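Taking it in order: structure first as structure tokens, then the write-up.
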Amino acid sequence: MKLTVLGSTGSIGTQALDVARERGWEVGALAAGRKLDLLEAQVREFRPDVVSVAEEVWAEARSRLPGVRVIADPSEVAALPADVVVNAMSGLIGLVPTRAALEAGRAVALATKEAMVTAADLIWQAAARGGGRLVPVDSEHTGVFQCLTGEHLADVAELILTASGGPFREGPADLSGVTPEQALKHPSWSMGPKITIDSATLMNKGLEVMECASLYGLPLSQVGVVIHPQSVVHAAVRFRDGSLKGQFGPTDMRLAIAYAIDAAPTGMTRPGDVRGARRGPEVAGHLGWPLRGSWDFREPDAARFPCLGLAYRAGEAGGLLPAALNAADEVAVAAFLAGRIGFTDIPRLIERVLDETPPGVLSWDTLAQTEAWARTRARELVAGVRA
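Residue numbers (the UniProt record's numbering): 1 to 387.
Rendered as structure tokens:
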């Protein structure tokens, strides 16, 4: 297996390289941002032919990585020959490389949820044009994928995504005074700061609902969310005959990453085109994971966590609203982490942007225009909160 890993210095990217190390897979190309120390170590270990870095550190990277082709365009890296392209780039910057990989006919293990959230129709069109395939990496979506293997999508009544509930699932009732430090203490998963804050607001689960509907071709009304503090059950499918099928296991993203990479070469070419994967060897000693303890399930608190409802609203509306939602969330989370707005300002700011988003038909051009507009408007609203 020959891999390309985009976002190699982030949380998912480094864990994908952990799996590659365990499996003995070749890594032909890497795309990173600005973390040159970590990238340099990755290059020494995996010896890729090509790496991509942020343009502002390109010259330094060239001097530090002799013998390696260094470029500043992750889309060029994404299109290079590989058995699987793991796209672990966080945010909308991962959208164009996803398109490039699919149009080049690559099999993509996709951790960049923003691609399917903001541009699902365009992404599937890219796969159809180039012959690319797609499998999700998120633990919830690989869980759904595994539950659907061997099943008929017409028999599905509901896809169910679980959420830990984040650090504030038990309180406090008033979230207006919580700090970034408190919000970054996720009870179950080790993730990057942006996705950890999104988990605390439940926006991450809202984005996953939108992604799930886009991946499997079902309306949002058939994608539900339950709070499951133990984070053992990652996803479930309820069928029309009333039966339920669930996927559960340890809270280790490497399991989902390994499955996605194994499945990607025969992955989806259109929504719901689910085929199973032949599972590889064990990942990191989980065969002895104990099946015991109590599992709890509860409804999410929509009043305390309005971001979940905002995601459903944007997903139901479709068009350009998902792009505006995602861009506004990125700005709001960054502002919260910088101490410029409060925790409860995040959904207020996003709602304002949704209310003001101009109508339009989704295309690559209008997507970029809406994303830029939403960022600008969100920054204006952040400035208004500070004032």
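Beta carbons: idealized from backbone N, C-alpha and C, even for Gly. Given the structure is predicted, the values throughout are model-derived calculations rather than measurements.
Residue span of the alpha helix (DSSP H) that contains residue i, given as start and end
i           : result
residue 261 : 253-263
residue 182 : 180-183
residue 348 : 345-356
residue 411 : The shown model of the chain, from 1 to 387, leaves out residue 411, and the question about it has no answer.
residue 98  : 95-103
residue 26  : No alpha helix (DSSP H) holds residue 26; the beta strand (DSSP E) holding it covers 26-31.
residue 13  : 11-23
residue 6   : No alpha helix (DSSP H) contains residue 6, which is instead part of the beta strand (DSSP E) from 2-6.
residue 134 : Here residue 134 belongs to no alpha helix (DSSP H); instead the beta strand (DSSP E) covers 133-136.
residue 44  : 36-46
Classification of residue i by the beta-carbon crowding that lies within 10 angstroms, buried from 16 upward
i           : result
residue 329 : buried
residue 297 : exposed
residue 185 : exposed
residue 370 : buried
residue 267 : buried
residue 172 : exposed
residue 138 : buried
residue 383 : exposed
residue 295 : exposed
residue 270 : exposed
residue 176 : exposed
residue 377 : buried
residue 201 : buried
residue 115 : buried
residue 316 : exposed
residue 149 : exposed
residue 10  : buried
residue 140 : buried
residue 179 : exposed
residue 381 : buried
residue 94  : buried
residue 332 : buried
residue 291 : exposed
Inter-residue spacing [alpha-carbon to alpha-carbon] between residue i and residue j
i           : j           : result
residue 336 : residue 318 : 27 Å
residue 130 : residue 99  : 9 Å
residue 390 : residue 197 : Residue 390 is absent from the model: the chain starts at 1 and stops at 387.
residue 309 : residue 207 : 11 Å
residue 143 : residue 113 : 15 Å
residue 76  : residue 30  : 11 Å
residue 314 : residue 362 : 13 Å
residue 385 : residue 80  : 45 Å
residue 21  : residue 38  : 16 Å
residue 230 : residue 66  : 47 Å
residue 260 : residue 135 : 6 Å
residue 222 : residue 242 : 14 Å
residue 281 : residue 339 : 45 Å
residue 35  : residue 27  : 18 Å
residue 300 : residue 210 : 16 Å
residue 103 : residue 84  : 14 Å
residue 153 : residue 256 : 22 Å
residue 351 : residue 47  : 46 Å
residue 17  : residue 191 : 15 Å
residue 97  : residue 86  : 11 Å
residue 355 : residue 111 : 29 Å
residue 117 : residue 272 : 16 Å
Boundaries (first-last residue) of the beta strand (DSSP E) holding residue i
i           : result
residue 86  : 84-87
residue 195 : Where residue 195 is concerned, there is no enclosing beta strand (DSSP E), although the alpha helix (DSSP H) it sits in stretches over 193-201.
residue 221 : Taken as a continuous stretch (DSSP letters only), residue 221 belongs to no beta strand (DSSP E), as it is neither H nor E.
residue 52  : 50-52
residue 234 : 233-239
residue 157 : 156-163
residue 65  : Neither: residue 65 is in no beta strand (DSSP E) and is coded neither H nor E.
residue 145 : Looking at the DSSP string, residue 145 is not in any beta strand (DSSP E); the run it does join, the alpha helix (DSSP H), is 139-148.
residue 320 : First-last for residue 320: undefined, no H or E at that position.
residue 74  : Note, residue 74: premise wrong, no beta strand (DSSP E); alpha helix (DSSP H) at 74-78.
residue 248 : 244-248
residue 110 : 107-110
Beta-carbon proximity of residue i to residue j, cut-off 9 Å
i           : j           : result
residue 24  : residue 88  : no
residue 240 : residue 262 : no
residue 373 : residue 359 : no
residue 227 : residue 165 : yes
residue 106 : residue 64  : no
residue 323 : residue 367 : yes
residue 90  : residue 194 : yes
residue 225 : residue 251 : no
residue 283 : residue 325 : no
residue 92  : residue 327 : yes
residue 19  : residue 258 : yes
Legend entry - Contact between the segment 155-162 and the segment 218-226 (3+ Cβ pairs under 8 Å): yes
Inset, instruction - Please determine if the segment 37-46 and the segment 1-11 are in contact, where contact requires at least 3 C-beta pairs separated by less than 8 Å. - result: yes
Inset, instruction - Check whether the segment 47-58 touches the segment 231-250, taking contact to mean three or more Cβ pairs, one atom from each stretch, closer than 8 Å. - result: no
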